[in-house]
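Comments concern the structure below.
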Amino acid sequence: MNLSFRTNSLLLRTGTLALLLGMGSQIPAAPEKKAPGKSGCSTSSLDPSRISEAEFRKTNIQPKTIFCLEGKEITASALEKEQKALRSSDEKFLKSQQSNASKNLKDRKNRITRDTKAWKPNKTNQTIIAALKRSKIQDQSGIPGLIKAESSSNAPASESSAAGPSIQFLNASSGGPGDPIVITGQRFGSSRGKVLLQVSADRSVEAIVKEWNDTYVVAQVPDLSGLIAFAGWVQIKNSAGVSSPAAFAFEPALDVQRIPVTGKIHDPDPNTNFPGWFTCADEDLGNAAFHDGATFITGCSEQDTFLGDLTNLKNGWVVDHVVFVKNLRGDAECTIHGPADGSANASFYIDWRVGPRGGVSYYLEVYLRGPRGTNYR
42 MNLSFRTNSL LLRTGTLALL LGMGSQIPAA PEKKAPGKSG CSTSSLDPSR ISEAEFRKTN
102 IQPKTIFCLE GKEITASALE KEQKALRSSD EKFLKSQQSN ASKNLKDRKN RITRDTKAWK
162 PNKTNQTIIA ALKRSKIQDQ SGIPGLIKAE SSSNAPASES SAAGPSIQFL NASSGGPGDP
222 IVITGQRFGS SRGKVLLQVS ADRSVEAIVK EWNDTYVVAQ VPDLSGLIAF AGWVQIKNSA
282 GVSSPAAFAF EPALDVQRIP VTGKIHDPDP NTNFPGWFTC ADEDLGNAAF HDGATFITGC
342 SEQDTFLGDL TNLKNGWVVD HVVFVKNLRG DAECTIHGPA DGSANASFYI DWRVGPRGGV
402 SYYLEVYLRG PRGTNYR
């Protein structure tokens with residue numbers, strides 16, 4: 042990520058306050074202090090919250106000009122120095138988060154994705170297959186793990202015949218690439234035939250046959266991409282005919298993507314503490330943002346919005362998780378609202394508030410989860 046900053050502030054960001062605020066009547070570099078007011082500041086200090094826009098714009102801010110902020114006095118040069126130190130802290134914070142980004146994605150992919158080509162039946166399926174090999178009985182309903190085959194609502198025109206194969210039980214009602222399918226029944230034949238899977242409304246594929254005999258078949262869902270979840274069917278086909286289709290839902294292999302975080306880092310409305318003449322400062326780095334109270338003297342509160350064009354993810358994609366790390370300095374608040382894990386709405390917003398000398402920085406990563414080879418838009 043590019044660490045160069047895009048600057049929108051009206052004060053202190055260039056280092057020359059006089060150029061930003063305009064030349065006007067001179068405030069003494071070291072004003073004579075008078076009796077402290079209720080705020081704890083001298084009456085000669087400049088309190089931006091107590092003067093008008095016109096009066097403030099007439100002043101010529103010098104490095105030794107004294108501001109009254111949060112009831113305490115601070116010179117303009119000290120305020121600028123303070124801001125630079127905070128910005129340096131922001132940069133270090135961002136770099137520390139960015140260094141983990143690639144590892145975060147790799148770790149999540151390892152947890153979500155899997156080898157869809159290797160033959161790795163789980164313990165339950167291994168037990169079913171072992172029981173079938175030992176069984177000499179025709180009634181296989183007593184084998185734990187098998188479920189009765191149901192007819193499919195998407196069944197094609199029947200090609201089955203009384204002499205053809207008949208499916209009675211399955212090990213599962215659904216499966217995805219790499220998963221085993223155990224099919225039991227009658228009249229599968231001694232010669233290897235085909236296992237057909239419907240994976241979309243207009244597509245069926247052949248499963249990879251691992252074992253075949255007259256009463257059971259073991260197959261594997263092939264490695265497929267670019268498909269979404271679909272309530273399809275499975276059939277046995279041999280030289281004697283084709284079985285009636287049994288309901289079997291296709292589950293696509295999943296992928297995880299870290300997507301670009303695009304949004305609106307603060308809508309620069311006027312600072313609510315003034316009648317329309319100061320704006321909040323913001324810096325947008327794509328998946329990070331900085332908001333500094335010192336920049337706009339009186340503090341500010343706003344809302345940053347993100348991914349407003351992703352309110353309805355397509356093809357079964359959902360929010361996997363969001364990384365949100367915030368760094369608060371001084372008088373500051375920052376809260377993220379959404380998106381919820383598992384939601385098809387990826388849009389969210391962040392409310393933030395900073396006091397006159399407070400600051401907020403935050404870092405974002407948004408991860409989506411969905412069918413491999415499909416688009417979330």
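In this text, residue positions in the sequence shown follow our numbering: the first is 42, and each later residue adds one. Don't be surprised by glycine CBs; every beta carbon is placed ideally from N, CA and C.
Within the model, the alpha-carbon separation for Trp274 versus Val246 is close to 11 Å. The DSSP-derived three-state label of Ser388 is coil. Looking at Gly230, Asn151, Ser214 and Asn356, the one whose alpha-carbon comes closest to that of Ser266 is Asn356. At a Cβ-Cβ threshold of 8 Å, Thr157 and Gly219 count as neighbours.
At a cut-off of 3 residues, the continuous stretches assigned as beta strand (DSSP E) that sit fully inside the region 258–301 are 271–279, 287–291 and 295–300. Here the C-alpha atom of Thr376 lies approximately 45 Å from the C-alpha atom of Pro221.
Nearest C-alpha to Glu111 among Tyr417, Glu406 and Val395: Val395.
Annotation for Gln181: Leu173, Leu187, Gln209, Phe210, Thr225, Thr256 and Tyr257 place their beta carbon closer than 8 Å to its own, counting only its chain and skipping 5 residues before and after. In the three-state DSSP reduction, Phe108 falls in the strand class (E or B). Annotation: Ile102 to Cys82 spans about 18 Å, alpha carbon to alpha carbon. With three or more CB-CB distances shorter than 8 Å, the region 383–394 counts as touching the region 347–354. Distance from the CA of Lys278 to the CA of Ala204, rounded to the nearest whole angstrom, comes to 12 Å. Unbroken alpha helix (DSSP H) stretches of 4 residues or longer found wholly inside the region 129–175: 142–153 and 164–175, given in chain order. Assigned with DSSP and collapsed to three states, Ala119 falls in helix.
Secondary structure at Leu354: coil, using DSSP grouped into helix, strand and coil. The DSSP-derived three-state label of Leu87 is strand. Arg91 and Arg128 have their alpha carbons spaced roughly 28 Å apart. Pairing Asp392 with Asp361 gives a Cβ-Cβ distance that is not under 8 Å. In the same chain as Leu369, and ignoring 5 residues on each side of it, the C-beta atoms closer than 8 Å to its own belong to Cys375, Gly399, Gly400 and Val401, in chain order. In this structure Ala329 touches Tyr403 by the C-beta definition: roughly 7 Å separates them, less than 8 Å. In the DSSP assignment, the residues bridged to Gln227 are Ser207. Judged by beta-carbon spacing, Leu405 lies within the 8 Å limit of Val364, meaning their Cβ atoms are closer than that value. According to the DSSP secondary-structure assignment, Ile222 is paired through a beta bridge with Ala260.
Annotated three-state conformation of Gln181 is coil, per DSSP.
A straight line joining the alpha-carbon of Phe331 with that of Pro89 spans about 22 Å.
Secondary structure note for Ser241: its beta strand (DSSP E) is the uninterrupted segment Lys235 to Ser241. DSSP, read as helix, strand or coil, puts Gln344 in strand. Residues Ser285, Pro286, Ala287 and Ala288 of the same chain have their beta carbon placed closer than 8 Å to that of Ser192, with the five preceding and five following residues left out of the count. It is roughly 29 Å from the alpha-carbon of Ala126 to the alpha-carbon of His378. Ala373 is bridged by DSSP to Val395. Beyond the five residues adjoining it in sequence on each side, Glu252 comes within less than 6 Å, by CB distance, of Val259 in the same chain, given in chain order. If you look at Tyr408, you'll find it in the beta strand (DSSP E) that goes Gly400 to Pro412. Between the alpha carbons of Arg413 and Asp264 lies a distance of about 11 Å. For Ile249, the enclosing beta strand (DSSP E) stretches over residues Ile249 to Trp253. The residues Arg228, Phe229, Ile277, Asn279 and Ser284, in chain order, have a CB closer than 6 Å to that of Pro206 in the same chain once the five nearest residues on each side in sequence are set aside.
A direct Cα-to-Cα measurement between Ile153 and Lys189 gives close to 30 Å.
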